[in-house]
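Start counting at 1 in the sequence shown, then tack on 1093, and there's your number in the numbering used here. For glycine and all other residues, C-beta sits at the position ideal for the given N, C-alpha and C.
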Amino acid sequence: MVKTYRLENLSCTSCAAKFEKNVRELPDIRNVNLNFGASKLTIDGNVTIEALEKAGAFDHIRVYPEKEKVKHVPFYQRRQTIETALSLLLLIAGIIVSFQIGETHPWSIALFGGSMAIGGYHMFWTGLKNLSTLQFDMKTLMTIAIIGAVIIGEWREGAVVVFLFAVSEALESFSMNKARQSIRSLMDLAPARALIQRGGELAEMDTEDIRIGDVLIVKPGQKIAMDGTVLRGQSAVNQAAITGESIPAVKTVGDEVFAGTMNDEGALEVTVTKRVEDTTIAKIIHLVEEAQAEKAPTQKFIDQFANYYTPAIIAIAFFVALVPGFVTGNWELWVYQGLAVLVVGCPCALVVSTPVAIVTAIGNAARQGVLIKGGVHLEETGRINAVAFDKTGTLTKGYPEVTDVLAEGAVTEEELLKLAASVETMSQHPLARAISKEAAGVYASENFNSVTGKGAYATVNEETIYVGSLNWAEEKGLRIPDKARKLQESGKSVTAVFSEAMLMGIIAVADAIRTESPSIIQKLKAMGISQTIMLTGDHPATATAIAAEIGVTDVRAGLMPEDKLAAIKDLQKQYGRVAMVGDGINDAPALAASSIGIAMGGAGTDAALETADIALMADDLEKLPYTIRLSRKTLRIIKENIVFALGLKIIALLLIIPGWLTLWIAIFADMGATLLVIMNALRLVKVQK
1094 MVKTYRLENL SCTSCAAKFE KNVRELPDIR NVNLNFGASK LTIDGNVTIE ALEKAGAFDH
1154 IRVYPEKEKV KHVPFYQRRQ TIETALSLLL LIAGIIVSFQ IGETHPWSIA LFGGSMAIGG
1214 YHMFWTGLKN LSTLQFDMKT LMTIAIIGAV IIGEWREGAV VVFLFAVSEA LESFSMNKAR
1274 QSIRSLMDLA PARALIQRGG ELAEMDTEDI RIGDVLIVKP GQKIAMDGTV LRGQSAVNQA
1334 AITGESIPAV KTVGDEVFAG TMNDEGALEV TVTKRVEDTT IAKIIHLVEE AQAEKAPTQK
1394 FIDQFANYYT PAIIAIAFFV ALVPGFVTGN WELWVYQGLA VLVVGCPCAL VVSTPVAIVT
1454 AIGNAARQGV LIKGGVHLEE TGRINAVAFD KTGTLTKGYP EVTDVLAEGA VTEEELLKLA
1514 ASVETMSQHP LARAISKEAA GVYASENFNS VTGKGAYATV NEETIYVGSL NWAEEKGLRI
1574 PDKARKLQES GKSVTAVFSE AMLMGIIAVA DAIRTESPSI IQKLKAMGIS QTIMLTGDHP
1634 ATATAIAAEI GVTDVRAGLM PEDKLAAIKD LQKQYGRVAM VGDGINDAPA LAASSIGIAM
1694 GGAGTDAALE TADIALMADD LEKLPYTIRL SRKTLRIIKE NIVFALGLKI IALLLIIPGW
1754 LTLWIAIFAD MGATLLVIMN ALRLVKVQK
């Protein structure tokens, strides 16, 4: 049986690897998958929570069933924090006593020993077990160093090192939990219970028991518990949980609503369309968790590097302890220096430098309505050199709108639209819908007829009114103004409105450009992405006109899906890494072939969640510069973290030359590097749209 559990206190990647190994060794376990970023464990087999917690006892790991809310213990109430505080009190007492009666006095040794025992007994126990199996992680290195310090009589320094290490562990655990908070906030969005109308009766029930087709009752101010469509009522719904947009969307009968969104105003009755495990918010949580589990290229490199780094540090420590001691005869000094090398060489800061940044960045993006499906895509987005856009629905709104109205003679623009809409009320053509939407109202009409390839006509106010092509108007002997031809040449669909005797006016309709598109292109250029390309199946004249208005640098028109794929491959040869932004369905081949596929998803669109590497859930192009900026900042922070992690250790190791490296300097270098990389990564929480 496959079961999923949530974990608390999973603080470092090496601890996660050890916990996973321990779980694999339990009886009746067939498969184990541990997601460090999401702090989640999936097991195929029979096992109790007690057995799992015993396997993770070395790192205080707590295990909870997936559906059960993880009990959040405040930082100051955690056992690890309390033990560290007690260790500090005994350390302070030991220092005071040692200055009065000496460091080697039994009372001083007892206080320092007590401080080490309380602050480091978990570390010692784990380190000794690791030593017995020749596993060399940071706790093993620390255990060797502390035992060595005790043997050479450095009780005070040993106690200081244990305390600082305990502080480092506690703060690292706190910081990683902070980084994972984005996932937990998503998980808490949808209510666990809801009011359901079933068989004419109202009942409050768990969301797991709600079936497709049930009617969900949502009062004003309540969160919507399930995905569905509005059956009755009208309200403004805050969809920030899904799209990242805080402006409420008006929902009426037939509109789709999503679990985890907030019903602001009116009461709604919603027909449930998805089970709780299939809701959009559930899919988002799953995708973000999977993304945080996937290792970025930099992290894979660092993990491989750490495999060689740790044995190298042990070798250096033995060299420092033995060779100068043999040459100088001062064994106490150089054994002490060797122990300090072991402490300063702990790879914790290096190993955690990348995952904490990736986890934080992906969580931040999810809150902004951007789903990034893994560290590899996050890093790759920060390196793109060019962006290709689909036109329809991406740079444009994806539906026609009236752009120009030219009234002739005594007819006003408002009257012209009203007459045209009166004829078009019976038509289902997209251009007809655009005209009807723009008109203030309609007259009664009769005798509607559609003429294939030309247009339609009907009797309006006892006169036959024609709405159709410019050529049809010319066939009637009417003169078409030059401006109408220019509108046609600019790529717009131009419709003439006329009677048997006169041309009443011209209406131009086009797939309207998104208002933000030109500014997005400018922002990309300002970020150094100078190459922006439009890929479209539209006529070249239409595409060129729209491209000129938006400001893209290259246009490729008249393309079928396979042509877009070929265009992406050609662009990659020219510019290297190329991102493709499309709707996630007809652009699928190009999205798959591009360095990064970015889907304009729209709230809850399954295709957007499944097709591309990145999905913009709000269907908002404004999120594109934000995503690139977040990716670049993540790359920069990862590089800074690696420099911090290695730089502080190199500086500390150089202190060996004059013999200045002490155990407390070593632990400060290790702890400082670890906390520095974590705090630096948490800056990604503040990156905003």
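What residue does the alpha helix (DSSP H) around residue i start on, and which one ends it?
i: P1523; result: P1523 to E1531
i: T1720; result: K1716 to L1747
i: S1208; result: P1199 to S1225
i: I1760; result: L1756 to A1774
i: V1369; result: That residue, V1369, is in no alpha helix (DSSP H); it is neither H nor E in DSSP.
i: R1572; result: Looking at the DSSP string, R1572 is not in any alpha helix (DSSP H), and its letter there is neither H nor E.
Buried or exposed for residue i, please, with buried defined as at least 16 other CB atoms from any protein chain shown within 10 angstroms of its CB.
i: Y1214; result: exposed
i: L1777; result: buried
i: N1540; result: exposed
i: V1770; result: buried
i: G1195; result: exposed
i: M1653; result: exposed
i: G1697; result: With a pLDDT of 42 at G1697, under the threshold of 50, the predicted position of this residue should be treated as unreliable, and no value is reported.
i: T1373; result: buried
i: F1112; result: buried
i: T1069; result: Because the chain is modelled from 1094 through 1782, residue 1069 falls outside the range shown and cannot be assessed.
i: T1545; result: exposed
i: Y1559; result: buried
i: L1227; result: exposed
i: Q1667; result: exposed
i: K1511; result: buried
i: Y1098; result: buried
i: N1423; result: exposed
i: K1484; result: buried
i: M1627; result: buried
i: E1556; result: exposed
From which residue to which residue does the beta strand (DSSP E) around residue i run?
i: T1496; result: T1489 to A1500
i: T1647; result: Rather than Thr, the amino acid found at residue 1647 in this sequence is Asp. From DSSP, the beta strand (DSSP E) with D1647 extends over D1647 to R1649.
i: F1591; result: S1586 to F1591
i: K1312; result: Careful: K1312 lies outside any beta strand (DSSP E) and carries neither H nor E.
i: K1147; result: Note, K1147: premise wrong, no beta strand (DSSP E); alpha helix (DSSP H) at I1142 to A1148.
i: R1099; result: V1095 to E1101
Determine the DSSP secondary structure at residue i, reduced to helix, strand or coil.
i: I1599; result: strand
i: S1688; result: coil
i: S1612; result: helix
i: R1171; result: coil
i: E1508; result: helix
i: K1466; result: coil
i: L1634; result: Sequence check: residue 1634 is Ala here, not Leu. In the structure shown, A1634 sits in a helix (DSSP, three-state: H, G or I).
i: Q1581; result: helix
i: R1670; result: coil
i: R1155; result: strand
i: I1245; result: coil
i: A1696; result: Legend: pLDDT at A1696 = 46, less than 50; position of this residue unreliable, no value from coordinates given.
i: E1250; result: helix
i: T1518; result: coil
i: F1129; result: coil
i: A1708; result: strand
i: L1361; result: strand
i: T1135; result: strand
i: D1656; result: helix
i: D1663; result: helix
i: V1350; result: strand
i: T1447; result: coil
i: R1304; result: coil
i: M1620; result: coil
i: V1535; result: coil
For residue i, which beta-bridge partners are listed by DSSP?
i: A1549; result: S1543 and V1560
i: K1344; result: S1328
i: Y1429; result: None, per the DSSP bridge assignment.
i: A1287; result: M1298
i: A1481; result: I1626 and M1673
Would you check if the segment 1492-1508 and the segment 1626-1638 touch, i.e. whether three or more CB-CB distances between them fall below 8 Å? no
Between the segment 1594-1607 and the segment 1452-1467, are three or more C-beta pairs nearer than 8 Å? no
Count Cβ pairs between the segment 1705-1724 and the segment 1667-1686 that sit closer than 8 Å; are there 3 or more? yes
Using 8 Å as the threshold, is the segment 1301-1315 in touch with the segment 1348-1365, meaning 3 or more CB pairs across them? yes
Between the segment 1218-1236 and the segment 1172-1189, do three or more beta carbon pairs fall short of 8 Å? no
Between the segment 1564-1572 and the segment 1458-1469, do three or more beta carbon pairs fall short of 8 Å? no
Below 8 Å, how does it come out for the segment 1357-1371 and the segment 1324-1334: are there three or more Cβ pairs, yes or no? yes
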